[in-house]
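Novice: Handing you a structure now.
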Amino acid sequence: MSRLARIVAEIFDANAWTDVLGLAILGAVVFALLKVSVPEEDAAEASREVRIARIGGLLTAAFGALAGLYVLADFLTRVGDSLVGNLGGFDFLGRFMANLGDISALLVVLFAALIGGFGLAAVGTRLGHFIEDRMPDAIKKTLRYPFAAASGALIAAGIGWIIDWLYQLEDPTKTLWIPALVGALVGMWAAWRNREQDRQRVGLTTYYVSRTFFNALRSMEPLVMVIVFVIWVGIGPFAGALALGLHTTVALAKLYSEQVESITEGPLEAVSATGATRLQTIIYAVLPQVIPPYISFTLYRWDINVRMSTIIGFAGGGGVGLILQQNVTLLEYDQASVQMLAIAIVVSTLDFLSARIRERIV
2 MSRLARIVAE IFDANAWTDV LGLAILGAVV FALLKVSVPE EDAAEASREV RIARIGGLLT
62 AAFGALAGLY VLADFLTRVG DSLVGNLGGF DFLGRFMANL GDISALLVVL FAALIGGFGL
122 AAVGTRLGHF IEDRMPDAIK KTLRYPFAAA SGALIAAGIG WIIDWLYQLE DPTKTLWIPA
182 LVGALVGMWA AWRNREQDRQ RVGLTTYYVS RTFFNALRSM EPLVMVIVFV IWVGIGPFAG
242 ALALGLHTTV ALAKLYSEQV ESITEGPLEA VSATGATRLQ TIIYAVLPQV IPPYISFTLY
302 RWDINVRMST IIGFAGGGGV GLILQQNVTL LEYDQASVQM LAIAIVVSTL DFLSARIRER
362 IV
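Each residue of the sequence shown is one higher than the one before, counting from 2 in my numbering.
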């Protein structure tokens, strides 16, 4: 999907103006598809053909969004490269835009994988339920154990492969076969433990596993993370950006999930009573309740990252923190004082701006 989106994006890859034109066209197409595929309400239950058409519209909108991200990445890279050498002391802005474009292009592949994974998971879940509802109980009980064993083996083998990729152990017996065997046994035990249940609550299980993983990462301070990333990618701003980005992701995931858990049930019941689908319920009952807090949390975390970037620099994360540490080490206290004053001004300004933005939006 990402390759096809890249081919579509190359249609507008002539100059910056064609990039802007491509963003406008793709944005309008995506908006129109979303409006058609997710109507505000249905007078009657939609037929199967209509539902299939809406799913196709959503998939096409997702494809258009991926192509738009590629066009945006090309635009940022092109404009950033053109600004380098023309802004004097502000050349870093051009380099920042160019790097942001390169990173955005890399993230498109990740987004495409996530969209494809969620789509296949949704189709597989529906297909599995369709087959299960028409299958005799004896066959279901017989197939439960080999399927559970295969699932456990795949999960454990995947974890072993990740460990082998990180540490280059090059021992398939310890990183593939033994974990797969243990995972198969655990899967069979889980199937036997829940043999009385007709269906497993996969969503709830995924939620708890993800939350445990995020809590484990969140327990590590950014200062510890930047030390790990410095060993991995070397001293510089990239290590600091990775540390802050990872810690910001897990921290916001915690805040976002708690906000979803605390939404009121009234709008959900009202929208569901109109016969809305699950997607329509999320769009018209859940998102209006969580978007304002999401914006507030994101701006607040941005404010934290600005202050934290100085501390990250002391551990090798680059930026003004590293320069400040060097001046203090070299006893250049006059330059260090100027840098501390600049940090205070930037932090105060951004704190004021984020507070005003939260007041206007939230």
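We treat Cβ as the ideally placed atom computed from N, Cα and C, and that holds for glycine.
1) Using the rule of at least 16 other Cβ atoms within 10 Å of the residue's Cβ for burial, across every protein chain shown, is Asp75 buried or exposed?
2) For Asp1, which residues of its own chain have a beta-carbon under 7 Å away from its beta-carbon, when the five flanking residues on both sides are left out?
3) Go through its chain and collect everything with a Cβ distance to Ser152's Cβ below 7 Å, but skip five positions before and after it.
4) Taking 9 Å as the CB-CB limit, is Leu22 close to chain C?
5) Which residue marks the beginning of the alpha helix (DSSP H) containing Met309, and which one marks its end?
6) Our contact map puts Thr265 next to Gln290 with C-beta atoms below 8 Å; I'd like the distance itself, whole angstroms only.
7) Consult DSSP for Ile236 and reduce its assignment to one of helix, strand or coil.
8) On the CB-based measure, 16 or more other CB atoms within 10 Å of its CB, does Ile160 come out buried or exposed?
9) CB Leu35 to CB Gly58, shorter than 9 Å?
10) Going by other Cβ atoms of all chains shown within 10 Å of its Cβ, with 16 needed for buried, is Asp335 buried or exposed?
11) Can you tell which of Gly320, Ser310 and Phe298 has its C-alpha closest to the C-alpha of Arg359?
12) Start and end of the alpha helix (DSSP H) containing Ser152?
13) Under 8 Å by Cβ, that's how I've got Leu247 and Ser310 pegged, so tell me the actual separation to the nearest angstrom.
14) Report the option in Ser355, Ile179 and Val30 whose CA atom is closest to the CA atom of Arg302.
15) Suppose the cutoff is 8 Å on Cβ atoms and the five residues either side in sequence are ignored; what does the same chain contact list for Leu108 look like?
16) Rounded to whole angstroms, what's the CA-CA distance from Leu60 to Glu333? Just pull it up for me.
17) How is the alpha helix (DSSP H) around Met189 delimited, first residue to last?
18) Could you have a look at Gly267 and say whether DSSP puts it in helix, strand or coil?
19) Using 8 Å for Cβ pairs, my map puts Leu243 next to Val234. What's the rounded Cβ distance?
20) What are the uninterrupted segments assigned as alpha helix (DSSP H) that are 4 or more residues long and contained completely in the region 19-93, given in chain order?
21) Under three-state DSSP, which class holds Gly117?
22) Between Leu101, Ala62, Leu94 and Phe64, which lies nearest to Thr78 when the distance is taken from Cα to Cα?
23) For Asp14, does the three-state DSSP call read helix, strand or coil?
24) Is it right to say Ile313 is buried, meaning 16 or more other beta carbons lie within 10 angstroms of its own, or is it exposed?
Specialist: Based on what the coordinates show:
1) As a first step, residue 75 is located in the sequence shown; it is residue number 74 there, counting from the start. Result: buried.
2) Here the chain covers residues 2 to 363 and nothing more, so residue 1 does not appear.
3) Counting from one through the sequence shown, the residue named residue 152 turns up at place 151. Cβ neighbours of Ser152 beyond the five flanking positions: Gly188.
4) Looking for chain C here will not work: only one protein chain is present.
5) Residue numbering aside, residue 309 sits at position 308 when the sequence shown is read from its first letter. Its alpha helix (DSSP H) spans residues Leu288 to Ile313.
6) Taking the first residue of the sequence shown as 1, we reach residue 265 at position 264. Taking the first residue of the sequence shown as 1, we reach residue 290 at position 289. Contact between Thr265 and Gln290 holds, with the beta-carbon distance rounding to 7 Å and staying under 8 Å.
7) The sequence position of residue 236 within the sequence shown is 235, counting from 1. Collapsing the DSSP output to three states places Ile236 in coil.
8) Counting from 1 along the sequence shown, the entry for residue 160 is found at position 159. That one is exposed.
9) The count along the sequence shown starts at 1 and reaches residue 35 at position 34. The count along the sequence shown starts at 1 and reaches residue 58 at position 57. Yes, the pair counts as a contact, with Cβ atoms nearer than the cut-off.
10) What you label residue 335 is simply residue 334 of the sequence shown in a count that begins at 1. Around the beta carbon of Asp335, a 10 Å sphere encloses fewer than 16 other beta carbons of the protein chains shown; the residue is thus reported as exposed.
11) Within the sequence shown, the letter at position 358 stands for residue 359. Minimum Cα distance to Arg359 is reached at Phe298.
12) In the sequence shown, counting from the first residue as 1, residue 152 sits at position 151. That run of the alpha helix (DSSP H) goes Asp138 to Tyr168.
13) Counted from its first residue, the sequence shown places residue 247 at position 246. Counted from its first residue, the sequence shown places residue 310 at position 309. No, Leu247 and Ser310 are not in contact; Cβ-Cβ is about 14 Å, not under 8 Å.
14) Taking the first residue of the sequence shown as 1, we reach residue 302 at position 301. Comparing Cα-Cα distances from Arg302 to each of Ser355, Ile179 and Val30, the minimum goes to Ser355.
15) Taking the sequence shown and counting its residues from 1, the one referred to as residue 108 is at position 107. These residues qualify, in order along the chain: Leu70.
16) By one-based count along the sequence shown, residue 60 stands at place 59. By one-based count along the sequence shown, residue 333 stands at place 332. Between the C-alpha atoms of Leu60 and Glu333 there is a straight-line separation of about 58 Å.
17) Against the sequence shown, residue 189 aligns to sequence position 188. Start and end: Ile179 to Arg194.
18) By one-based count along the sequence shown, residue 267 stands at place 266. Reduced to three states, the DSSP call for Gly267 is helix.
19) The sequence position of residue 243 within the sequence shown is 242, counting from 1. The sequence position of residue 234 within the sequence shown is 233, counting from 1. Going by Cβ atoms, the distance from Leu243 to Val234 rounds to 7 Å, so yes, they are a contact pair.
20) Correct list: 49-84.
21) If you number the sequence shown from 1, residue 117 lands on position 116. Here Gly117 sits in helix by DSSP.
22) Position 77 of the sequence shown, counted from the start, is the residue given in the question as residue 78. Checked all of Leu101, Ala62, Leu94 and Phe64; the closest Cα to Thr78 is Leu101.
23) Position 13 of the sequence shown, counting from 1, holds the residue named residue 14. Three-state result, Asp14: coil.
24) Sequence index remark: in the sequence shown, residue 313 carries index 312 (1-based). Buried, by the Cβ-count rule.
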